[in-house]
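**Student:** Sharing a structure here in structure tokens format.
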Amino acid sequence: MKNNLMRFALLILGVFGIVFNGFALASPNEQIASILEVQQYNRAIHIMAMLLIGFGFLMVFVKKYGRSAITATFLLVSISLPLYLAVKSAGIFESRGEIEQFILAEFGAASLLIAAGAVLGRIKMYQYLIMGMLFIPFYILNELIVVEDHFHFIGTIADTGGSIVIHAFGAIFGISAAVFLSTLKQRETPIEADATSDRYSLLGSMVLWVFWPSFCSALVPAETIPFVVVNVFIALSGSTIATYIASVSIRGKINAADIANAALAGGVAIGATFDHATHLEAMIIGAIAGVLSTVGFAIFQEKQEKFHKIVDTCGVSNLHGIPGIFGGLAAIVVVDGLDVSAQLKGIAVTIIIAVVAGLFTGKMISLFGKPDEIYDDETEFED
Amino acid sequence: MKNNLMRFALLILGVFGIVFNGFALASPNEQIASILEVQQYNRAIHIMAMLLIGFGFLMVFVKKYGRSAITATFLLVSISLPLYLAVKSAGIFESRGEIEQFILAEFGAASLLIAAGAVLGRIKMYQYLIMGMLFIPFYILNELIVVEDHFHFIGTIADTGGSIVIHAFGAIFGISAAVFLSTLKQRETPIEADATSDRYSLLGSMVLWVFWPSFCSALVPAETIPFVVVNVFIALSGSTIATYIASVSIRGKINAADIANAALAGGVAIGATFDHATHLEAMIIGAIAGVLSTVGFAIFQEKQEKFHKIVDTCGVSNLHGIPGIFGGLAAIVVVDGLDVSAQLKGIAVTIIIAVVAGLFTGKMISLFGKPDEIYDDETEFED
Amino acid sequence: MKNNLMRFALLILGVFGIVFNGFALASPNEQIASILEVQQYNRAIHIMAMLLIGFGFLMVFVKKYGRSAITATFLLVSISLPLYLAVKSAGIFESRGEIEQFILAEFGAASLLIAAGAVLGRIKMYQYLIMGMLFIPFYILNELIVVEDHFHFIGTIADTGGSIVIHAFGAIFGISAAVFLSTLKQRETPIEADATSDRYSLLGSMVLWVFWPSFCSALVPAETIPFVVVNVFIALSGSTIATYIASVSIRGKINAADIANAALAGGVAIGATFDHATHLEAMIIGAIAGVLSTVGFAIFQEKQEKFHKIVDTCGVSNLHGIPGIFGGLAAIVVVDGLDVSAQLKGIAVTIIIAVVAGLFTGKMISLFGKPDEIYDDETEFED
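Chains as they are written, first to last, in this note's numbering: chain A, 13 to 395; chain B, 13 to 395; chain C, 13 to 395.
Here it is in structure tokens:
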């Protein structure tokens with residue numbers, strides 16, 4: 013009797029222990045899942061600050077086109093986010109968490125803003141909307157092929173922070189679109205900045221700098237975040253110092269646009285490797301990217317614009333194009349066990365899709381007109 | 013003996029299992045409570061960015077009144093937060109978590125800043141302080157009656173993000189106060205903006221846009237955040253695009269103030285329904301709010317100012333008043349199982365309290381003088 | 013047999029219970045550690061916004077030196093963060109979490125930016141880099157002696173938010189460096205601001221205000237955050253209102269630089285006590301700091317500059333020096349069980365190291381030249 017009671021008590025204790033723990037654990041585990049998604053949301057907000065305030069104000073460097081640049085940013089973000097979410101909600105795509113899907117939409121919006129930077133000031137406001145509507149499907153196509161390897165054609169690439177599929181894609185799309193959106197007259201019109209527009213631009217640059225680690229780490233697991241975000245900050249520090257040195261060395265004086273732009277090249281380039289590089293490698297990649305980008309702005313941009321007969325208003329090929337491709341290639345040196353062939357195929361396919369899609373989109377937009385009065389709020393804004 | 017040892021071992025194991033788990037669990041559960049409150053704190057910081065940088069710079073659109081607008085924002089926030097916390101620490105109010113209480117104080121400060129937008133530039137700096145001290149008690153009274161239903165008079169309303177009790181209350185309070193704070197001479201003085209002040213204003217607007225989801229979701233449970241914050245972003249996207257289309261359609265050209273203000277109307281209007289609407293409903297509510305707000309700025313404002321013989325410096329009735337009421341009414345269509353009578357009573361009581369309190373406060377402030385030199389830093393600031 | 017089966021079942025249940033719980037618990041506990049570190053990361057981002065956007069734009073008040081001030085901020089942050097991390101990775105230092113170490117590096121960068129504020133506009137861009145490289149080792153030395161009490165000389169001081177070791181150290185270092193970086197001609201050159209530069213400066217000030225609680229609470233345990241962050245906001249509210257009243261009382265009119273700077277003095281002063289003070293004490297400390305700082309800007313700065321034959325461009329002794337020391341001393345009244353002797357020794361040692369290190373650094377920098385054309389972008393920037 014006593015024995016049985018004892019056994020019964022033990023049984024109750026044991027079962028109760030498990031059941032109790034089961035219940036109690038369920039709650040923390042579910043709450044932890046929620047907490048992790050809210051932490052993703054925090055990074056989503058940081059990215060949104062980059063999209064609107066960062067990219068928006070970076071483009072305010074064009075002296076008389078500030079209100080237009082900001083309004084264009086508002087419209088590009090507002091058209092691309094819902095469009096991306098709508099397309100991705102179609103049954104053919106893998107279903108994802110609400111915030112994860114939203115962050116992917118923000119990545120698309122970032123790439124679009126980069127593309128728009130190439131033609132900034134030379135299209136009408138509604139043409140930005142058309143650009144956004146045409147861009148997003150192509151962007152999703154490239155994402156499907158290169159990132160998700162939906163057609164089992166590429167393999168697995170290293171590009172968590174989007175050096176290739178966000179930055180290079182957007183830049184190449186933009187300069188390809190510019191082929192049909194740069195008239196001779198436009199090519200001869202100078203793009204003017206002044207002290208006030210430069211300071212706004214540097215504000216945008218700082219916002220991008222500050223939140224860049226959240227952009228790269230938006231979708232990485234919580235436990236890897238501490239190391240990788242420091243990597244991003246170190247890469248940005250590297251490019252910032254390298255940009256200053258390169259700018260003074262090449263030009264004799266510092267150029268505010270170099271600082272506002274090329275200082276960010278470390279963030280662009282580290283996107284493919286921030287989750288694999290050591291801190292020292294991050295510093296080196298950042299520094300090289302800063303030099304490459306400054307050389308781009310100071311030397312190549314003029315030549316490239318003449319060669320391709322285009323205008324690249326914000327110099328996106330120097331900030332996002334070259335550093336993005338460089339970052340993608342740097343993975344070959346930095347990432348252990350990288351599938352090099354996949355990485356190269358990923359870069360090549362991204363370039364091809366971006367060129368074709370950009371040319372097509374530029375041509376389509378150009379059908380709605382190529383204005384003569386450019387880089388000026390007054391053509392579309394009330395006084 | 014062996015049996016007893018075995019039983020003893022099992023007992024120890026069982027008890028130890030439970031006790032161990034009990035201790036171990038206590039720790040995660042307590043830590044989770046802390047973590048959730050720190051996540052609330054993150055949203056509190058986002059709201060603070062909206063209050064100071066967002067509202068502050070949105071009001072810098074008045075060309076010569078920028079330093080004053082920013083200083084007024086500083087003072088209004090600094091007087092209202094401690095005052096709200098002090099009043100709410102009185103024994104008659106329900107006790108709450110430190111951060112929850114602080115977020116409620118921030119909501120009050122937001123409503124106050126909206127109210128102050130109506131009379132901006134036409135009162136002295138110390139009069140903003142008086143306004144803040146009179147506003148907060150009335151705001152708490154309305155909160156007590158309408159949100160907490162302390163007197164069991166209203167019932168439960170849908171207004172988590174404050175379309176009614178924050179935005180509409182603040183706007184109606186402000187334009188009511190303006191009745192006693194708009195002289196004939198003041199009504200004839202134009203409010204001037206320029207390219208630089210517009211760009212500051214658009215900066216403020218972007219800060220508000222970016223952090224708006226944290227404003228709405230500040231106090232909702234973590235597990236509902238992912239869906240509802242995307243709703244807020246979608247509503248803002250809807251109002252931004254609708255504002256551009258409405259602005260061009262009505263005026264022929266884009267108006268920078270429309271973009272800076274009406275683009276946010278989706279955020280104002282979705283406050284009552286963001287936690288119930290589908291994404292599509294959020295988009296529609298946002299778009300309608302954007303159109304209503306733009307129509308308000310482009311057409312109604314002048315008529316309303318003439319009719320009520322007031323000046324509404326920032327057009328708060330167009331950004332916060334009409335979209336706020338519209339948002340409150342939209343809940344009737346969108347929210348399943350809504351107590352419609354409570355919702356209507358909540359809106360009506362809010363309007364009544366705001367009108368009475370605003371008229372009283374405006375009259376009180378006007379006793380300290382109505383300056384002739386307005387919208388100009390120079391009257392109160394050193395060069 | 014039945015007995016044995018039963019025992020076996022119980023044994024399995026018990027062991028399984030423990031093992032299962034062990035595994036299951038391991039996961040939440042590890043995840044909670046990750047989550048807490050990601051929350052630290054959020055605060056690290058807030059601090060980064062303060063460093064670049066906050067300090068950077070606060071220094072844009074110098075009318076013609078905006079691009080330089082922002083570039084200097086970029087360079088100072090980019091040189092000091094990696095340098096701090098590199099030094100601290102040496103074996104002699106305690107190893108810490110990645111983010112914790114990074115936040116300590118940000119504290120060093122903040123102190124450096126304060127120091128640079130004293131000589132802003134009177135050194136060349138590369139001299140800021142030299143300043144950063146010399147500053148960080150001294151800062152780490154002071155941290156080692158005063159904060160970590162590595163030599164068991166000081167004892168435990170109250171200074172979690174860095175009133176003494178970040179703010180006062182940076183300010184005293186800066187004005188000491190200014191002794192060798194203020195020529196007679198420089199002392200006679202006025203520092204000009206205008207409406208646009210003031211508005212940028214107020215933007216920087218607001219960014220600092222908003223994120224200040226994350227600066228103070230960056231490394232405190234999650235469970236204490238709710239109370240202490242509200243303390244910081246209350247102290248800032250106190251100094252903001254006190255600054256307005258003091259500015260008008262002393263000068264007759266409001267001074268924009270007072271508002272941009274002294275409004276933050278509450279944040280500086282509360283750093284030593286925000287984790288011990290009551291809300292009322294926080295308000296009082298903030299208000300006193302606001303008054304002290306405004307008196308400093310309005311009355312003492314000119315006298316001090318004449319007395320020490322220096323120029324303190326940003327008035328860092330008024331914003332960070334005096335309020336920092338005051339905050340350190342306020343702990344004597346506010347903190348129960350404070351080791352008063354340690355607190356006083358900590359303040360004294362910090363002052364001594366800052367003076368010696370600042371003089372040395374100023375002398376070293378002065379060897380590279382003291383420019384005649386100052387406070388002007390044009391000397392180093394392309395048009």
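Each residue gets a CB set at the ideal place from its N, CA and C atoms; glycine is no exception.
1. Taking only beta-carbon positions, decide if R263(B) is within less than 8 Å of chain C.
2. So which of A354(A), I386(A), E394(A) and E385(A) has the shortest CA-CA distance to I169(A)?
3. Which residue's Cα is closest to the Cα of I262(B): L231(B), S229(B), F309(B) and V328(B)?
4. Below 7 Å on C-beta distance, what does D210(B) contact in chain A?
5. Are at least three pairs of beta-carbons, each pair with one atom in the segment 276 to 285 of chain B and one in the segment 242 to 257 of chain B, less than 8 Å apart?
6. In or out: L37(B) buried (at least 16 other Cβ within 10 Å) or exposed?
7. Which residues, in chain order, does the segment 49 to 60 of chain B contribute to contact with chain C at a C-beta distance below 7 Å?
8. Less than 7 Å between the CB of D161(A) and some heavy atom of the ligand GTP, yes or no?
9. For the alpha helix (DSSP H) that L276(B) lies in, which residues bound it at each end?
10. Are any of the Cβ atoms in chain C nearer than 8 Å to that of L146(B)?
11. Between which two residues does the alpha helix (DSSP H) harbouring G349(B) extend?
12. Under a CB-based cut-off of 8 Å, is A38(B) close to chain C?
13. Going along chain A, which residues have a C-beta under 8 Å from L87(C)?
14. Express the C-alpha separation of E394(B) and S378(C) in angstroms, rounding to a whole number.
15. Start and end of the alpha helix (DSSP H) containing N243(B)?
16. Is the beta carbon of Y256(C) closer than 8 Å to that of M137(B)?
17. Which residue or residues does DSSP assign as beta-bridge partners of I386(B)?
18. Residues of chain A with a CB under 9 Å from the CB of L331(B): which are they?
19. For chain A, find out if any of its Cβ atoms is closer than 8 Å to the Cβ of A299(B); answer yes or no.
20. Restricting to runs no shorter than 4 residues, where is the alpha helix (DSSP H) found entirely within the segment 156 to 200 of chain B?
21. My output table needs one value for F393(B): the three-state DSSP class, helix, strand or coil.
22. Can you list, in chain order, the residues of the segment 89 to 110 of chain A whose Cβ is nearer than 8 Å to any Cβ on chain B?
23. Within a Cβ cutoff of 7 Å, which residues of the same chain sit near G34(A), ignoring the five residues on either side of it in sequence?
24. Using only alpha-carbon positions, find the residue among L124(B), I126(B) and L93(B) that is nearest to Q113(B).
25. Checking the sheet assignment: what are the DSSP bridge partners for I266(C)?
26. Tell me which residues share the same chain as L350(A) and place their Cβ nearer than 7 Å to its Cβ, disregarding the 5 neighbours each side in the sequence.
27. Excluding five sequence neighbours on each side, which residues of the same chain lie with their C-beta closer than 6 Å to the C-beta of R55(A)?
28. Please report the distance separating the alpha-carbon of W303(C) from that of I311(A).
29. Is the segment 262 to 275 of chain C in contact with the segment 84 to 100 of chain C, if contact means three or more CB pairs nearer than 8 Å?
30. Pick from L156(C), F69(C), G133(C) and L87(C): whose alpha carbon is nearest that of A269(C)?
31. In angstroms with no decimal places, state the Cα-to-Cα distance between F199(A) and F165(A).
32. Applying a beta-carbon distance threshold of less than 7 Å, which residues of chain A neighbour F380(C)?
33. So F223(A) contacts chain C; which residues on that side make the cut at Cβ distance below 9 Å?
34. Along the alpha helix (DSSP H) that carries S305(C), what are the first and last residues, could you check?
35. In this structure, how does DSSP classify H320(B) when only helix, strand and coil are distinguished?
36. When we look at the beta-carbon of F163(A) and count the other beta-carbons within 10 Å, is it buried (16 or more) or exposed?
**Tutor:** So, to answer that:
1. In the second sequence, counting from the first residue as 1, residue 263(B) sits at position 251. Not one chain C Cβ lies under 8 Å of R263(B).
2. In the first sequence, counting from the first residue as 1, residue 169(A) sits at position 157. Here the closest residue by C-alpha is A354(A).
3. On the second sequence, position 250 is the one that residue 262(B) refers to. Residue F309(B) is the option with its Cα nearest to I262(B).
4. Against the second sequence, residue 210(B) aligns to sequence position 198. Those within 7 Å of D210(B) in chain A are R79.
5. yes
6. For the purposes of this step, residue 37(B) is identified with residue 25 of the second sequence, where counting begins at 1. With a pLDDT of only 41 at L37(B), under 50, the local geometry of the prediction cannot be trusted, and the value read off the model is given with reservation. Looking at its Cβ environment, which holds 16 or more other Cβ atoms inside 10 Å, L37(B) is buried.
7. E49, V50, Y53, N54, I57 and M60
8. Among the components of this structure there are no ligands whatsoever, and the ligand GTP is therefore not found.
9. Reading the second sequence from its first residue, position 264 is the one you call residue 276(B). Segment: none, L276(B) is in no alpha helix (DSSP H) and carries neither H nor E.
10. Here residue 146(B) refers to the residue found at position 134 when the second sequence is read from its first residue. Cβ-Cβ to chain C under 8 Å: no for L146(B).
11. Counting from one through the second sequence, the residue named residue 349(B) turns up at place 337. Per DSSP, G349(B) belongs to no alpha helix (DSSP H) and is neither H nor E.
12. Position 26 of the second sequence, counted from the start, is the residue given in the question as residue 38(B). Confidence at A38(B) is low in this model, with a pLDDT of 44, below 50, so its placement is unreliable and no value can be given for it.
13. The residue you call residue 87(C) lines up with position 75 of the third sequence. Correct list: T252, I253 and Y256.
14. In the third sequence, counting from the first residue as 1, residue 378(C) sits at position 366. In the second sequence, counting from the first residue as 1, residue 394(B) sits at position 382. Roughly 34 Å between the two C-alpha positions.
15. For the purposes of this step, residue 243(B) is taken as residue 231 along the second sequence, with counting starting at 1. Element bounds for N243(B): I237 to R263.
16. Translated into the one-based positions of the second sequence, residue 137(B) becomes position 125. Translated into the one-based positions of the third sequence, residue 256(C) becomes position 244. Yes. Within cutoff.
17. In the second sequence, residue 386(B) corresponds to position 374, counting from 1. According to DSSP, I386(B) bridges with nothing at all.
18. Along the second sequence, one-based indexing puts residue 331(B) at 319. Neighbours of L331(B) in chain A, taken as residues whose beta carbon is under 9 Å from its own, are absent, since the nearest beta carbon is some 15 Å off.
19. Numbered from its first residue, the second sequence carries residue 299(B) at position 287. Chain A contact via Cβ: absent.
20. 181 to 190 and 196 to 200
21. Counting from 1 along the second sequence, the entry for residue 393(B) is found at position 381. Strand at F393(B).
22. V89, S90, I91, L93, P94, L97, G109 and E110
23. Here residue 34(A) is taken as the residue at index 22 of the first sequence, counted from 1. With a pLDDT of only 39 at G34(A), under the threshold of 50, the placement of this residue in the model should not be trusted, and no figure is reported.
24. Within the second sequence, the letter at position 101 stands for residue 113(B). Comparing Cα-Cα distances from Q113(B) to each of L124(B), I126(B) and L93(B), the minimum goes to L93(B).
25. By 1-based counting over the third sequence, the position of residue 266(C) is 254. Per DSSP, F393(B).
26. Stepping through the first sequence from its first residue, residue 350(A) is reached at position 338. Here the set comprises A170, A343 and I344.
27. Residue 55(A) sits at position 43 when you count from the first residue of the first sequence. If we look at R55(A) and ignore the five residues flanking it on each side, its Cβ neighbours are S226 and A230.
28. Taking the first residue of the third sequence as 1, we reach residue 303(C) at position 291. Taking the first residue of the first sequence as 1, we reach residue 311(A) at position 299. The question names Trp, but residue 303(C) is Val in the sequence shown. Approximately 53 Å, taken between the alpha carbons.
29. no
30. As a position in the third sequence, residue 269(C) is number 257, starting the count at 1. For the residues L156(C), F69(C), G133(C) and L87(C), the minimum Cα distance to A269(C) belongs to F69(C).
31. By one-based count along the first sequence, residue 199(A) stands at place 187. By one-based count along the first sequence, residue 165(A) stands at place 153. In the sequence as presented, Phe is not what sits at residue 199(A); that position holds Arg. About 40 Å.
32. Taking the first residue of the third sequence as position 1, residue 380(C) is located at position 368. Result: empty, since nearest Cβ-Cβ is about 15 Å, beyond 7 Å.
33. Start at 1 with the first residue of the first sequence, and residue 223(A) comes out as number 211. Near F223(A) (Cβ distances below 9 Å), the residues of chain C are I57, M60 and A61.
34. For this step, residue 305(C) is matched to residue 293 along the third sequence. It spans H291 to V307 - the alpha helix (DSSP H) in which S305(C) sits, taken as one unbroken run.
35. As a working mapping, residue 320(B) is identified with position 308 in the second sequence. Note: H320(B) maps to helix in three-state DSSP.
36. Taking the first residue of the first sequence as 1, we reach residue 163(A) at position 151. Exposed, since its Cβ has fewer than 16 Cβ neighbours within 10 Å.
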